[in-house]
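One structure is given below, encoded as structure tokens.
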Amino acid sequence: MSDRRADRRRLESGHRRAANVRRTVVIVLTTLLIAALVAALALLKPADGLVDKPAVSGASMVQHVSQTEYGLYCPRQMALADDTNFGDSEYQATAGDIASSALAAAFGSVYSATAYDYPIADAQDDQARQFSNSDMLDSANVKTLAGDVANNAQYIDAKLLEAKSGTGVAGAVATWATTGDLRGASAASCVTTALSNSFLLPATDTGVTEQLVVANPSQKATSLDIAVYGTKHSGKLSLSTRSTLTVPAGGQATWDVAAAAPGQDGVYVTVSSKETPVAATVNVVRADGLKPQGSDIVTPLGDFSDNLAMPGIHANDKVTALVYAQRTATVTVSWITTDGKIEAKTVSVPAKRVSAIDLGQAPAGTVALIANASAPISVQSTITLGSSRQADVAFIPGRVRQRHTAVAIPASMTAQLDIVNTSDTPVTVTMRGYDASGKPTGVKRADIAPTAAASVRPKDIGDNTQLVTMSSKAAVTWGARLTNDALAKANIAQVAYVSASSLEPQSREVVTINDQRIVH
């Protein structure tokens with residue numbers, strides 16, 4: 004019996020030893036396997052698609068965000084900077100029989116467009132006016148709004164269904180007078196709001212007023228920094244007045260450019276908002292004693308470029324080109340005529356200083372002026388028509404080429420559309436016309452040779468054409484030279500111009516920076 008118990012104990016002891024050996028072998032093998040895997044992971048690089056790439060602290064990513072809601076500001080009709088009556092009535096300044104008209108249109112995928120009298124009152128809904136569309140199918144989804152800007156400027160709030168080429172809002176205002184100190188015609192395209200605006204303005208001589216008007220349609224007040232560069236030396240001018248301006252929410256403010264920087268042959272002005280986008284224009288009025296020498300509404304400049312065009316300059320216009328560059332550049336300005344390109348002048352432009360280039364009278368057949376530079380520049384032409392007894396003035400900014408644009412022709416004005424192709428290849432443009440209610444009036448195509456121009460009357464597109472869109476595979480620059488029949492009948496010198504407005508998507512670059520110190 005005892006022998007059987009001893010055998011059982013020996014057998015059980017053997018099983019335990021065998022089990023311990025197996026466990027030891029498993030542990031050793033597992034350890035070796037884990038060590039092998041660790042070594043493999045350390046030495047082998049896995050496929051890129053199987054590994055999440057952590058963001059590097061400080062790395063940035065740039066994304067383009069398209070704007071689907073934006074504001075458009077249509078300035079009030081031309082007015083005197085100071086209409087206070089004093090002294091003998093025969094020597095008092097007067098606006099005379101000043102009148103105005105305005106036309107705006109929404110093209111393409113626009114969800115809604117609403118206009119408000121500006122400055123904006125507390126009860127916006129009481130003064131809101133929706134753009135109308137007489138026939139959605141026949142009008143190709145063009146919504147319009149016509150009126151005047153006699154008592155107030157207009158602010159247009161537009162909402163887009165999507166941001167794409169051919170979609171947007173364009174508008175223009177025109178004013179005219181046959182009597183008084185504002186005799187002649189003035190016009191301007193409606194302008195979009197922006198954090199920064201810049202202007203090139205004429206000489207700040209005696210008898211010239213240049214009133215900056217800034218509108219702030221947001222619900223938050225903003226402060227502006229204003230910098231002025233002149234023709235006398237490079238760099239910012241020391242101003243005779245303050246260089247800051249506060250604009251209340253839903254309101255506007257004015258600033259006298261000529262008083263701040265007198266005695267310059269031209270000035271470059273930048274207006275920068277610290278808090279919210281603003282809309283800015285400049286009312287320029289020139290007089291020689293009691294003799295009116297013209298008035299116009301100046302709109303902000305476009306982008307700096309080494310290739311800019313100024314269509315709308317015609318034969319016998321007296322032209323002065325104002326040029327500003329961030330760094331020294333060589334600039335060549337040339338007339339574009341029906342007979343081809345004629346070089347006018349080549350000048351060296353110093354950095355951060357305005358250069359005023361007197362070009363004399365435009366030659367016969369002139370349609371435009373172009374500027375080619377060795378470095379990016381801003382340029383604007385001052386054109387004058389008339390005599391020492393009465394003259395009128397207009398300002399035509401240099402613009403870059405665009406593919407999708409539009410022009411509005413306000414009521415009581417007739418137009419000539421001047422188109423410039425500054426590229427080295429021919430281009431075909433397609434013009435579509437609409438009347439003031441948005442109904443199509445016709446389609447016209449034009450072929451333009453390299454470094455050449457073409458002129459088209461709106462009536463050539465179709466009867467009653469007051470809105471024109473232009474599209475092309477290769478970009479062009481164009482605008483409308485305006486005239487008023489009442490001024491022509493009264494033998495009043497007149498000159499007015501509106502630039503084409505972009506119908507390209509408005510996009511902004513948004514930069515995001517990874518910071519591992521921030522815990523979400």
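So the sequence shown is numbered by the working numbering: it starts at 4 and just counts up by one.
Every residue gets a Cβ at the ideal spot worked out from N, C-alpha and C, and that includes glycine.
Less than 8 Å between the C-beta atoms of T302 and S192, yes or no?
yes
Buried or exposed, going by whether 16 or more other CB atoms sit within 10 Å of the CB of S475?
buried
Output needed for T335: all residues of its chain with C-beta closer than 6 Å, excluding positions within five of it in sequence on either side, in chain order.
T349, N375
Looking only at its own chain, which residues have a Cβ that is under 8 Å from the Cβ of D91, when we skip the five neighbours before and after it?
In this prediction, D91 has a pLDDT of 44, which is less than 50 and means its spatial position is unreliable; what the coordinates show is noted afterwards. For D91, where only same-chain residues beyond five positions count, there are no Cβ hits under 8 Å.
When we look at the beta-carbon of N154 and count the other beta-carbons within 10 Å, is it buried (16 or more) or exposed?
exposed
Determine the direct distance from the alpha carbon of V410 to that of T472, and round the result to whole angstroms.
7 Å
Assuming M81 and T178 are in contact, meaning their beta carbons sit under 8 Å apart, how far apart are those beta carbons, in whole angstroms?
4 Å
DSSP state of T425, grouped into three classes?
coil
Length-filtered (4 minimum) alpha helix (DSSP H) runs lying within the segment 160-197
none
When the Cα of L106 is compared with those of D120, P122, C77, D100, which residue comes out closest?
C77
Once you ignore the five residues that flank L148 on each side, which residues in its own chain have a CB closer than 6 Å to its CB?
A107, A118, F134
Is the distance from the Cβ of A328 to the Cβ of P366 below 8 Å?
no
For the 8 Å Cβ check, are there 3 or more pairs between the segment 427-445 and the segment 488-507?
no
Which term fits L164, buried or exposed, when burial requires 16 or more other beta carbons within 10 angstroms of its beta carbon?
exposed
Could you check if K146 is buried or exposed, using at least 16 other CB atoms within 10 Å of its CB as the buried criterion?
buried
I'd like the ranges of any beta strand (DSSP E) spanning at least 3 consecutive residues and lying wholly in the segment 381-424.
394-400, 405-411, 416-424
Do the segment 428-443 and the segment 184-199 meet, that is, are 3 or more Cβ pairs less than 8 Å apart?
no
Express the C-alpha separation of K239 and Q157 in angstroms, rounding to a whole number.
33 Å
Under the three-state reduction of DSSP, which class applies to V211: helix, strand or coil?
strand
Give me the residue from P251, V250, R245, A252 with the minimum Cα distance to A3.
Past the boundaries of the shown model lies residue 3; the chain is included only from 4 to 523, so the question cannot be answered.
Residues that DSSP places opposite N200 in a beta bridge
V274
Would you call the segment 394-401 in contact with the segment 344-361, where contact means no fewer than 3 C-beta pairs closer than 8 Å?
no
Check the DSSP bridge columns for P205 and list the partner residues they point to.
G269
For S505, count neighbouring C-beta atoms within 10 Å of its own C-beta (all shown protein chains included) and say buried if the count is 16 or more, exposed if not.
buried
Taking all protein chains shown into account, decide if S226 is buried (16 or more other Cβ within 10 angstroms of its Cβ) or exposed.
exposed
Quick one: grab the DSSP three-state call for R26.
helix
Which residue comes first and which comes last in the alpha helix (DSSP H) that contains A489?
488-492
Going by the DSSP bridge assignment, what does A153 pair with across the sheet?
Answer is none; A153 lacks a bridge partner.
Can you tell me the Cα-Cα spacing of V270 and T385, whole angstroms?
13 Å
My guess is that R392 and G305 are in contact by the Cβ rule of under 8 Å, so how many angstroms apart are they, rounded?
Not confirmed; about 35 Å, so no contact.
Bounding residues of the beta strand (DSSP E) (the contiguous stretch that carries V113):
113-121
Taking I101 as the reference, give the member of G187, A230, Y121, S112 with the closest Cα.
G187
Taking the alpha-carbon of A96 as reference, which of L215, G292, T454, L372 has the nearest alpha-carbon?
G292
Nearest-angstrom Cβ-Cβ length linking N310 and T425, presumed shorter than 8 Å:
6 Å
Note down, in chain order, each residue of its chain lying with its Cβ closer than 7 Å to the Cβ of A430, except the 5 sequence neighbours on either side.
Note that residue 430 is Val in the sequence shown here, rather than Ala. Within the same chain, V430 has close Cβ partners N424, I451, S475, A477, V479.
Please say whether A252 and N219 have beta carbons closer to each other than 8 Å?
yes
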